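Participant: Sharing a structure, written as structure tokens. Questions coming.
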Amino acid sequence: MKIKCASAVLILFLALCLPTPAKTADLISFWDTPRHSGNSFNGSPPDQAYFDALSATGATWVRLTFSKWKPAGGNRDFLIGNADDYTGLSQPDLDTLKAALDRADKADLKVVIAPLSLPGSRWAQQTTDGKYDSRLWQDRKYWDQSARFWVDLATALKDHPAIAAYNLINEPVPEFKAGLAENSDTDTMIAWYANQRGTTHDLPAFYEQVIAAIRTVDPLTPVMVDSGWYGNARSFDYWPHALKDPRVLYAFHMYEPYEATSAPNMKREIPHRYPGTWNKAAVKAHIDAPYQWAATHGVPANRIVAGEFGCMRQWADCATYLEDVLSILDGYNAHWAFYSFREDVWDGMDYELSPTVKSGQFYWLMEQGKGQQLKRGGPLFEIIQKRLKPAS
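Using our numbering, the first residue of the sequence shown is number 1342, and each one after it goes up by one.
Shown next, in the form of structure tokens:
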């Protein structure tokens, strides 16, 4: 009896006094204060200098995709193996991803993992025809494969100290060719969803299935979900309620008015201007939408994330646009990540670059492995930099 009691006391002492792994903490608390950073959508795994440079700006996290990285072993898609038929994680690719997470952790950055592709939904720029791959929203077998992929990935990463959330899929479009135009009015969206609820176009139901699967192996890591229509801020409007899991972050992307902020505008003989058909009031009304939806459905404002926003750096009105978007987000004490930080395959939204750096020079230097010679210190980044500071 005395031996049993002594053993019980020892076990209790060890449970109370010995340190526990940091991952056992409820990571949703990381998101209780405003978190600011950028997106990492690089074509190759970022090196230590990259993460150190991002951390030096004052960023506290990074939204990281691995889907552009070159897969090992002749696989079609990085980590997934083949988005046409998922059978398991590629171990060499997983090792590459973990090494990148180690580098981010060394730079004191938290990471939100954000795949561009899932089984049945290969990123459009990696499809053979360059078109949106909508199989995920047509066949439930891809829902099941996506859930298995996320169970496997969560099992592999749940104890990594850098992980701050799993962003289940970047910019889903279950509405694609399904009878709902982007930026439809709210009543039209609600009516559309009423007809699609329970079908393969039901985005909240897809998320519920995948999250439930993740929770069988990882009960604590927050999950980030993008709204529909490429993360459009108004696409939460048709969701009748919040998701069941209390550790969900609801993300939207802000590029509206897209016809002005995007690359095609730079090719117009007379580019669209800002303010123009949109002004700051219109931008605010768009950004307000997910916060209004959250308030209606009992979701705290600090569970809403502006996961991407930006404009072409050489657009004449980019500075005005960025200032307006960020000042509106400031009003919500919002979490945000600008697009993008030092992307190695595209210069369009690298705000650090000097305005004198043209695209041709960027691509030439990157191809020569001389990206470090790019002239930085662009004025656009000053708009972001003044807000990039650690949460107090």
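Backbone N, C-alpha and C fix where the C-beta goes; we use that ideal spot for every residue, glycine too. On a predicted model such as this, the values are computed, not experimentally measured, just so you know.
Taking Cβ to Cβ, would you say Trp1464 is nearer than 8 Å to Ser1408?
Facilitator: Yes, the Cβ-Cβ distance between Trp1464 and Ser1408 is below 8 Å.
Participant: What are the boundary residues of the alpha helix (DSSP H) that Ala1636 is part of?
Facilitator: From DSSP, the alpha helix (DSSP H) with Ala1636 extends over 1621-1637.
Participant: Is the beta carbon of Phe1682 less than 8 Å from the beta carbon of Val1666?
Facilitator: No, they are not a contact pair.
Participant: Near Ala1455, what residues of its chain come up, given a Cβ to Cβ distance below 7 Å and the 5 sequence neighbours on each side ignored?
Facilitator: Cβ neighbours of Ala1455 beyond the five flanking positions: Arg1404, Leu1405, Thr1406, Asn1508, Asn1511.
Participant: Taking the straight line between their C-alpha atoms, what separation do you get for Trp1381 and Gly1415?
Facilitator: Reading off the sequence shown, one finds Ser at residue 1381, where the question assumed Trp. So the alpha carbons of these two residues sit roughly 24 Å apart.
Participant: Counting pairs of beta carbons, one from the segment 1684-1696 and one from the segment 1635-1649, are three or more of them closer than 8 Å?
Facilitator: No: fewer than three Cβ pairs fall under 8 Å.
Participant: Taking 8 Å as the threshold (C-beta atoms), are Ile1628 and Leu1670 in contact?
Facilitator: It is a contact, given that the beta carbons lie within the stated cut-off.
Participant: On a CA-only basis, which of Leu1706, Arg1654, Asn1383, Ala1626 is nearest Ser1745? Give me that one, please.
Facilitator: Look at the range of the chain in this structure, 1342 to 1733, and you will see that residue 1745 is not part of it.
Participant: Please determine, among Arg1717, Asp1393, Val1453, the residue with the shortest C-alpha to C-alpha distance to Val1564.
Facilitator: Checking every option, the nearest Cα to that of Val1564 belongs to Val1453.
Participant: For the putative contact between Leu1477 and Leu1459, defined by C-beta atoms under 8 Å, what is the C-beta separation to the nearest angstrom?
Facilitator: Correct: roughly 6 Å between the Cβ atoms.
Participant: Opposite Tyr1591 in the DSSP bridges: which residues?
Facilitator: DSSP output for Tyr1591 lists Val1566, Ile1645 as bridge partner(s).
Participant: For the alpha helix (DSSP H) that Asn1524 lies in, which residues bound it at each end?
Facilitator: Neither: Asn1524 is in no alpha helix (DSSP H) and is coded neither H nor E.
Participant: Could you have a look at Lys1451 and say whether DSSP puts it in helix, strand or coil?
Facilitator: Strand, per DSSP.
Participant: Quick one: residues in its chain with C-beta nearer than 8 Å to the C-beta of Ala1413, no 5 flanking neighbours on either side, listed in chain order?
Facilitator: Around Ala1413: Ser1431, Pro1433, Asp1434, Thr1437.
Participant: Would Leu1561 and Pro1515 qualify as a contact pair, given that the criterion is a beta-carbon distance under 8 Å?
Facilitator: Result no, Cβ atoms of Leu1561 and Pro1515 do not sit closer than 8 Å.
Participant: What are the uninterrupted segments assigned as alpha helix (DSSP H) that are 4 or more residues long and contained completely in the segment 1636-1709, given in chain order?
Facilitator: Counting only runs of 4 or more, we get 1659-1672, 1700-1708.
Participant: Check for me: the alpha helix (DSSP H) holding Leu1721 runs from which residue to which?
Facilitator: It spans 1720-1726 - the alpha helix (DSSP H) in which Leu1721 sits, taken as one unbroken run.
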